[in-house]
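Protein chains in written order, with the UniProt record's numbering: chain A, 1 to 378; chain B, 1 to 378. Glycine included, every Cβ here is placed at the ideal spot set by N, Cα and C.
What follows is the structure, encoded as structure tokens:
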């Protein structure tokens with residue numbers, strides 16, 4: 001019987017595991033939140049990932065459970081582990097992806113470079129942090145945020161009053177995360193794969209271009225990066241993967257400061273938008289690598305297969321009709337473009353697909369990728 | 001609604017269309033011969049491709065019908081066309097892939113270089129051909145052969161007596177195909193994609209290594225090939241695609257003679273084993289290209305993305321257990337190897353998977369591919 005990987009969550013990350021699973025000959029089974037999701041082709045069940053019985057029933061049909069997102073509650077994960085299910089990454093790693101205060105505290109223990117931060121439980125404490133950091137701070141809800149949600153830049157603590165009020169009503173209570181507003185020259189991401197037996201593979205560090213808190217574009221490898229910087233980034237990625245006992249793909253979002261330091265911004269313990277370029281530009285894509293890692297198979301070569309890759313997200317999509325109505329124009333104008341769509345209905349700001357172009361000349365590669373992606377917008 | 005491609009036949013060629021279909025966002029539907037075939041993930045129906053009603057019912061659920069093999073009878077294809085189904089490649093092209101005598105006659109009309117040949121209807125005519133060609137000939141049944149089946153090298157016409165007897169009982173009657181035994185230095189394959197509107201793209205010519213009439217290995221591009229030879233091969237490929245009105249992928253198997261001529265050996269009007277390397281070594285794989293071509297979308301760039309690619313078939317597989325039991329050894333020893341398995345039970349001589357390695361150094365690439373593939377055998 002084929003090896004069977006179960007993915008909780010039916011979004012585009014699960015969908016993009018289908019191609020390498022089919023090619024390797026791994027059976028992929030998806031527990032989707034609803035019908036007609038991105039990964040429907042491999043969906044064998046539809047159900048609520050917050051319900052332990054649902055997830056356990058699904059887990060019993062596979063060899064290992066992994067995730068399309070980090071939102072499965074710890075209580076559900078605990079039931080899986082107690083029932084003998086192989087859960088990768090495990091709950092003890094995932095809690096650091098689920099709670100940014102825990103993550104900051106753990107990274108501090110590991111000596112990882114990060115922005116100044118504090119757990120603030122009331123307006124007074126936040127204002128003191130703001131005052132100590134030049135009159136501004138980033139405030140984050142520790143749980144539930146993604147793609148810029150749950151993040152605010154404030155110059156007065158009262159701007160987070162509603163979040164403190166919500167915290168007071170949350171049974172888990174706790175604090176908000178205050179971080180210094182980093183003076184960065186650009187954002188980078190370092191991906192690492194790790195398998196249970198400990199083997200790790202680091203990908204090239206990439207530059208990520210964010211717009212409105214959402215990843216718009218990724219350049220691989222990050223241009224103008226010194227060997228020292230690449231080495232530091234890889235050490236940070238490997239150190240976090242090992243220190244947090246991550247299994248599968250880990251993405252470490254980094255700030256490069258104006259004085260050339262790297263500071264850890266966010267973590268993701270799954271395939272990540274910053275690694276979509278690997279589908280077309282690396283020997284082993286992050287999606288194949290994630291499958292290999294969670295199955296505890298030897299990891300694949302993570303080096304780039306061409307000098308440059310640029311990935312541009314399709315955000316929103318056409319106002320009328322589907323993405324495929326733009327295939328003709330995009331393919332005719334850009335025969336080197338690798339077009340990926342997620343089977344999702346276009347909606348303003350929604351990630352509905354991406355375009356990757358690889359090649360020897362960064363200017364040309366970036367131009368082709370941007371121009372092809374723009375043909376899917378109005 | 002997504003564009004829908006229907007594939008008749010559930011083998012590994014249909015299976016390998018799944019990955020690019022999912023990535024592009026094309027809905028792939030497969031009419032499989034039986035349950036649990038290679039392309040089962042996308043199989044929406046199981047039925048007999050020789051039954052016009054079955055195939056027509058399937059065709060009504062898709063935008064275009066294409067094929068995993070060339071065995072759908074002309075009578076069935078005619079029903080589809082009369083019913084307004086888009087059939088690509090169409091029956092008028094497919095008949096040349098279904099009948100080698102028709103193919104030889106048409107290539108002769110097009111002035112394509114090919115071995116000396118004749119339609120022989122009895123032992124006497126075959127013996128005359130043998131006598132005129134140095135005492136040996138290749139005899140082929142015009143219909144139904146593949147992977148070396150239906151092909152014999154003979155030095156006396158009586159060795160084909162059973163085939164003449166079978167012909168006499170075949171309602172379609174006809175003749176056997178006699179061909180000169182070509183004195184070749186190696187075998188090559190030229191792939192071309194063509195869409196209904198006429199756009200064509202030629203891939204690099206590759207060297208194919210056959211063992212026992214079955215493709216064992218493919219080297220892309222064919223080493224030591226002069227620009228003139230590459231140009232001649234591409235012209236042959238494009239000329240045949242246009243002359244036979246092929247839509248989709250066309251593979252032209254060629255002999256390179258000891259005096260440096262190229263002669264057409266066989267044709268295949270579908271993705272082909274000689275192009276599996278394109279999954280990992282070309283900007284646009286033959287499977288994505290076939291989907292684009294049959295949907296009449298602009299074709300993708302067909303150039304190689306790395307200097308060399310070597311594809312080695314896994315023929316037979318392990319005597320005990322599945323291919324996935326060898327993943328550990330193969331992946332550990334060869335992290336650059338791209339392993340593809342077809343979900344088929346191992347059986348002596350059966351194509352159950354392949355391994356592709358790409359890179360800059362042909363010797364290393366070929367070594368890695370052969371060594372990784374050998375780990376799937378006993």
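Residues of the same chain with a CB within less than 6 Å of the CB of residue 375 of chain A, apart from the 5 flanking positions on each side, are 326, 329, 330 in chain order. It is roughly 28 Å from the alpha-carbon of residue 138 of chain B to the alpha-carbon of residue 231 of chain B.
Judged by beta-carbon spacing, residue 70 of chain A lies within the 8 Å limit of residue 97 of chain A, meaning their Cβ atoms are closer than that value. Taking 7 Å as the cut-off between beta carbons, the residues of the segment 15-40 of chain A near chain B are 15, 18, 19, 22, 23, 24, 25, in sequence order. Short of 8 Å from the beta carbon of residue 237 of chain A, and not among the five residues preceding or following it, lie these beta carbons of its own chain, in chain order: 190, 191, 192, 202, 250, 252.
Interface annotation, residue 221 of chain A: not in contact with chain B, CB-CB separation never under 8 Å. The C-beta separation of residue 368 of chain A from residue 334 of chain A comes to about 5 Å, placing the pair in contact by the 8 Å criterion.
Setting aside the 5 residues that flank it on each side, residue 210 of chain A is surrounded in the same chain by 187, 216, each with a C-beta closer than 7 Å to its C-beta; the list follows chain order. Under the Cβ criterion of 8 Å, residue 68 of chain B is not counted among the residues facing chain A. In the three-state reduction of the DSSP assignment, residue 47 of chain B falls in the coil class, being assigned neither a helical nor a strand state. Within its own chain, the residues whose Cβ lies closer than 6 Å to the Cβ of residue 341 of chain A, once the five positions on either side in sequence are excluded, are 323, 353, listed in chain order. Here residue 258 of chain B is exposed. Its C-beta has fewer than 16 other C-beta atoms within 10 Å. Across the structure, residue 65 of chain A and residue 196 of chain A are spaced so that their CA atoms are roughly 13 Å apart. In this structure, residue 102 of chain B sits away from residue 270 of chain B, with a CB-CB distance that is not shorter than 8 Å. For residue 124 of chain B, no Cβ of chain A is located within less than 8 Å of the residue's own Cβ.
In the three-state DSSP reduction, residue 205 of chain B falls in the coil class, being neither helix nor strand. Per DSSP, the unbroken beta strand (DSSP E) holding residue 249 of chain A starts and ends at 248-257.
C-alpha of residue 160 of chain B to C-alpha of residue 291 of chain B: approximately 40 Å in a straight line.
Every unbroken stretch of the beta strand (DSSP E) spanning 3 or more residues and falling wholly within the segment 151-224 of chain B is given here in chain order: 151-154, 176-179, 184-194, 200-202, 206-211, 214-220.
Per DSSP, reduced to three states, the secondary structure at residue 27 of chain A is strand. In this structure, A:143 is the residue among A:185, A:143, A:153 with its C-alpha nearest to the C-alpha of residue 166 of chain A. Non-local beta-carbon contacts of residue 41 of chain B in its own chain, meaning distances under 7 Å to residues more than five positions away in sequence, involve 18 in chain order. The Cβ of residue 283 of chain B sits closer than 8 Å to at least one Cβ of chain A. For the pair residue 94 of chain B and residue 107 of chain B, the Cα-to-Cα distance works out to about 14 Å.
Excluding residues up to 5 positions away in sequence, 205 lie with their Cβ nearer than 7 Å to the Cβ of residue 225 of chain B in the same chain. Residue 306 of chain A belongs to the set of residues whose beta carbon lies under 8 Å from a beta carbon in chain B.
For residue 104 of chain A, the enclosing alpha helix (DSSP H) begins and ends at 100-109. The beta carbons of residue 262 of chain A and residue 113 of chain A sit about 6 Å from each other, so the pair counts as a contact at 8 Å. Assigned with DSSP and collapsed to three states, residue 227 of chain A falls in helix. Taking the CA atoms as reference points, residue 57 of chain A sits about 46 Å from residue 184 of chain A. Around the beta carbon of residue 351 of chain A, 16 or more other beta carbons sit within 10 angstroms, so the residue counts as buried. Flagged as an interface residue toward chain B: residue 299 of chain A, by a C-beta distance shorter than 8 Å.
Taking the Cα positions, residue 312 of chain B is about 30 Å away from residue 244 of chain B. Distance from residue 122 of chain B to residue 164 of chain B at the Cβ level is roughly 6 Å; contact confirmed, criterion being Cβ atoms closer than 8 Å. In this structure, A:272 is the residue among A:22, A:174, A:89, A:272 with its C-alpha nearest to the C-alpha of residue 218 of chain A.
Identification of chain A residues near residue 327 of chain B by a Cβ-Cβ cut-off of 7 Å yields 297, ordered along the chain.
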